[in-house]
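For the sequence shown, counting from 1, position 37 maps to 1404 in the working numbering; every step adds exactly one.
Note that beta-carbon positions come from the ideal geometry of N, C-alpha and C, so glycine has one too.
Quick caveat, the model's predicted, so the values are computed rather than measured.
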Amino acid sequence: MAAMTVSTSETIPWEDVKLAQNDSNTGLLNGLNTPPQTFAEKGEKMDTEDISGNGIGSEGVNSPQIHSVVTVGSVNEARTSQSPVPGDTIRSGYSRKYANRHGPGYGNNVNAQRAVFDGKRMRKAIQRRTVDFNCSIGKYQQDRIWIRDQRSMKLLRPKADFIIDLLPPSAYLHNPVNAVATKYVHTSTNKNRYPVNVVRWTPEGRRLITGLSSGEFTLWNGLTFNFETILQAHESAVRAMKWSHNDNWMVTADHKGIIKYWQSNMNNLKMIEGHKEAIRDLSFAPTDTKFATCSDDRTIKIWDFNEGIEENVLSGHGLDVKAVDWHPYKSLLASGSRDSLIKFWDPKSGKNVATLHGHKNNILGLQWNKNGNWLGTASRDQLVKVYDIRTMKDLQTFRGHNKEVCSITWHPFHEKLLTTGGSDGCLMNWIVGQDELVESIEYAHDQNIWSLDWHPIGHILVSGSNDHSTRFWTRTRPGDTSQEKFQVNRPKMDENMSKESAIDDELKMPGVQLFSRYSSVDGSGDNLDVINDEIIRSIRSEERLINDQYLADPMDTSFMSTELPLPHSQDKDYLFNIKQQQLNSLIK
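Right, dumping it as structure tokens:
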């Protein structure tokens, strides 16, 4: 009887194979598709992994795997499934699984192999957590003509039924708390585990690129967060990665001082020997004709992008320069170094125009705000500072990290929202103008958070860490509770906390407008905090029926003695006093 055997002599065309990928429409990027390969050529690159393992066909541990590439050999009467010929290679967990099984349902091994390796079947799709922003953006495009200000916006109630009313962060400019990303979504990790030094979204937000200490780029799907492809970009660790303002080019730098140009399809077109030591950061000029790099050789270099030649060298720091950023629209550079100094430079003349001495230890990161007036800095002294260049003084100092602050980033739409990552794996969110911490995730990672980046739409935050993982965070949605992994404000049930107190803790959720129509006029959200912390927590257990009625429909004032007016002042106690009087009159 003829048997199906594993052979490398005869092959099936590569285009006849359906790759077992979750999203067949995206696949590899344009320009990255490999030429047609035979099964024998592809089979030489495969590994013998069990079905539960991770084949080389995919580097992500959570992504669909191509476990084997098998060819259908010629008919050989001498070969049977029970007596394999030495030298044949079974490159599949499926083959090993069914190799020695007999009886009903299996027939013989020939039928089992034919059922699996007929060349037409795809692996069963894996259900993934997806953060789809298309619906909210489409709804916002339709409704925005009717929205004059925040009081015209539809109320977000704390129920899952109202998720469809959640709009993109750009719709809530009056309240930056709505953009705080504290909800854990997904962890992406390569099969070959290396520290993630830098993370960057592509300009259109469809993919995420991570730079590893092995010199590799890994591309992850921006919608389902699964693995797409990996390529060897540098020979040493990737240290810096930045897109040009026109979204056409990406420049990267590594630990050996090499600079490379990349097109949007990941084609490498140019390589420059930039510095003699590791390059730590780089930044584009507003016109994209120049870019700056900083290095451990204590210098900052200005480069002509088109020619790829060095134009100027800025010297003045006493130790390694760890961060550099070009002003959003001016000819001004800011740099931070291990000498704890922040310096401002004229890139044309190469002169140091100003120096700030606010920090007491290494500067590990800095970034200009999009308004062009604020500069955020992160230091090893556990402080986060915001400087105003109009006064050349620190506008605000944030204290909360227990170890050095490794990374910093501004939100793309909310200019007051600042996010930082520490060496203890803690993520913290700050709002300029508020001294207290807005929200934090204490154990976002196990080790240093080296890089942070917001999605271009502003609804997803991604973090890359020394613990070899890349994690995605998004806004909490209406109806979400605090009983989730990594979630903040998790109620601690102990002997000293009653069940009612734990429920009250769950009511205060970041990013959900329980009383969005009654938010303060300046958008600071102060009145929201007053209502959550004072009114809800002040109602006794016997008054919970009234409280539940109010939470179910805050706009329904039929059970009140008088109608609750909208606030017209900045007084934080305005709503609290009126609401408390009405509730007291009802109880009495």
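Proximity below 9 Å, CB of THR1976 to CB of SER1682: With the chain covering 1368 to 1955 only, the question about residue 1976 has no answer from this structure.
Residues that GLY1789 bridges to, as DSSP identifies them: For the purposes of this step, residue 1789 is taken as residue 422 along the sequence shown, with counting starting at 1. The partner list for GLY1789 (beta bridge, DSSP) reads VAL1772.
Residue burial classification, TRP1513 (beta-carbon count within 10 angstroms, cutoff 16): Within the sequence shown, the letter at position 146 stands for residue 1513. Exposed: under 16 other Cβ atoms inside 10 Å.
Distance between LEU1784 and GLU1910 (C-alpha atoms, nearest Å): On the sequence shown, position 543 is the one that residue 1910 refers to. On the sequence shown, position 417 is the one that residue 1784 refers to. Model confidence at GLU1910 stands at a pLDDT of 47, short of 50, so the residue's coordinates are unreliable; what they give is reported in the following sentence. If I take the Cα positions, the gap works out to 37 Å.
Spatial distance of HIS1835 from GLY1792 (CA atoms): Reading the sequence shown from its first residue, position 468 is the one you call residue 1835. Reading the sequence shown from its first residue, position 425 is the one you call residue 1792. In this structure, the straight-line span from the alpha carbon of HIS1835 to that of GLY1792 is close to 12 Å.
Ordered list of beta strand (DSSP E) runs contained in the segment 1662-1731, each at least 3 residues: 1666-1671, 1676-1682, 1688-1693, 1700-1704, 1709-1712 and 1719-1723
Whole-angstrom distance between LEU1586 and ASP1664, CA atom to CA atom: On the sequence shown, residue 1664 is found 297 positions in, with the first residue counted as 1. On the sequence shown, residue 1586 is found 219 positions in, with the first residue counted as 1. Rounded to whole angstroms, ASP1664 to LEU1586 spans 31 Å at the Cα level.
Sequence-distant residues of its chain with Cβ nearer than 6 Å to SER1581 (five each side left out): By one-based count along the sequence shown, residue 1581 stands at place 214. TYR1561.
Minimum C-alpha distance to GLN1801 - residue among LYS1526, VAL1544 and LYS1623: The residue given as residue 1801 occupies position 434 in the sequence shown. Checked all of LYS1526, VAL1544 and LYS1623; the closest Cα to GLN1801 is VAL1544.
Where VAL1547 sits in the DSSP three-state scheme: Within the sequence shown, numbered from 1, the residue matching residue 1547 stands at position 180. Here VAL1547 sits in coil by DSSP.
Inter-residue Cα distance where the pair is ASN1833 and ASP1713: As a first step, residue 1833 is located in the sequence shown; it is residue number 466 there, counting from the start. As a first step, residue 1713 is located in the sequence shown; it is residue number 346 there, counting from the start. C-alpha separation (whole angstroms): 34 Å.
Cα-Cα separation between ASP1813 and TRP1777, rounded to whole angstroms: Locating residue 1813 in the sequence shown gives position 446, counting from the first residue. Locating residue 1777 in the sequence shown gives position 410, counting from the first residue. Each residue's Cα considered, the two are about 23 Å apart.
Residue interval of the alpha helix (DSSP H) (run including ASP1510): Counting from one through the sequence shown, the residue named residue 1510 turns up at place 143. Segment 1501-1510, the alpha helix (DSSP H) holding ASP1510.
Separation of LYS1760 from ASN1542, as counted between CA atoms: One-based indexing of the sequence shown puts residue 1542 at position 175. One-based indexing of the sequence shown puts residue 1760 at position 393. C-alpha separation (whole angstroms): 26 Å.
Same chain only: Cβ atoms within 7 Å of SER1603, ignoring 5 sequence neighbours per side: What you label residue 1603 is simply residue 236 of the sequence shown in a count that begins at 1. Excluding sequence neighbours, SER1603 sits near GLY1582, ASP1621, HIS1622 and LYS1623.
Distance CB(TRP1797)-CB(PHE1765) smaller than 9 Å: Looking up residue 1797 in the sequence shown gives position 430. Looking up residue 1765 in the sequence shown gives position 398. Contact: yes.
Nearest-angstrom Cα separation, counted from VAL1680 out to ILE1808: Translated into the one-based positions of the sequence shown, residue 1808 becomes position 441. Translated into the one-based positions of the sequence shown, residue 1680 becomes position 313. Spanning the two alpha carbons is a distance of roughly 40 Å.
Residue interval of the beta strand (DSSP E) (run including ASN1796): Indexing the sequence shown from 1 puts residue 1796 at position 429. Per DSSP, ASN1796 belongs to the beta strand (DSSP E) from 1794-1798.
Residue environment, ALA1600, which counts as buried when at least 16 other CB atoms sit within 10 Å: In the sequence shown, the residue the question calls residue 1600 occupies position 233. With 16 or more Cβ atoms within 10 Å of its Cβ, ALA1600 is classed as buried.
PHE1584, enclosing beta strand (DSSP E) - first and last residue: Sequence index remark: in the sequence shown, residue 1584 carries index 217 (1-based). Looking at the DSSP string, the run of the beta strand (DSSP E) that includes PHE1584 is 1583-1588.
Proximity of GLY1732 and VAL1772 at Cβ, strictly below 9 Å: Translated into positions along the sequence shown, residue 1732 becomes position 365. Translated into positions along the sequence shown, residue 1772 becomes position 405. Against a cut-off of 9 Å, the Cβ pair of VAL1772 and GLY1732 comes out as a contact.
Candidates HIS1724, GLN1509, LYS1506 and TYR1551, of which the one nearest ASP1748 by Cα: For the purposes of this step, residue 1748 is taken as residue 381 along the sequence shown, with counting starting at 1. Nearest C-alpha to ASP1748: HIS1724.
Per-residue burial, ILE1815 [other beta carbons within 10 Å of its own, 16 or more giving buried]: For this step, residue 1815 is matched to residue 448 along the sequence shown. It is worth fixing the name first, because residue 1815 is Asn in this sequence and not Ile. Buried is the call here.
Residue burial classification, PRO1453 (beta-carbon count within 10 angstroms, cutoff 16): Taking the first residue of the sequence shown as position 1, residue 1453 is located at position 86. A caution first: PRO1453 carries a pLDDT of 37, below 50, which makes its placement in the model unreliable, though a value can still be read off. It counts as exposed.
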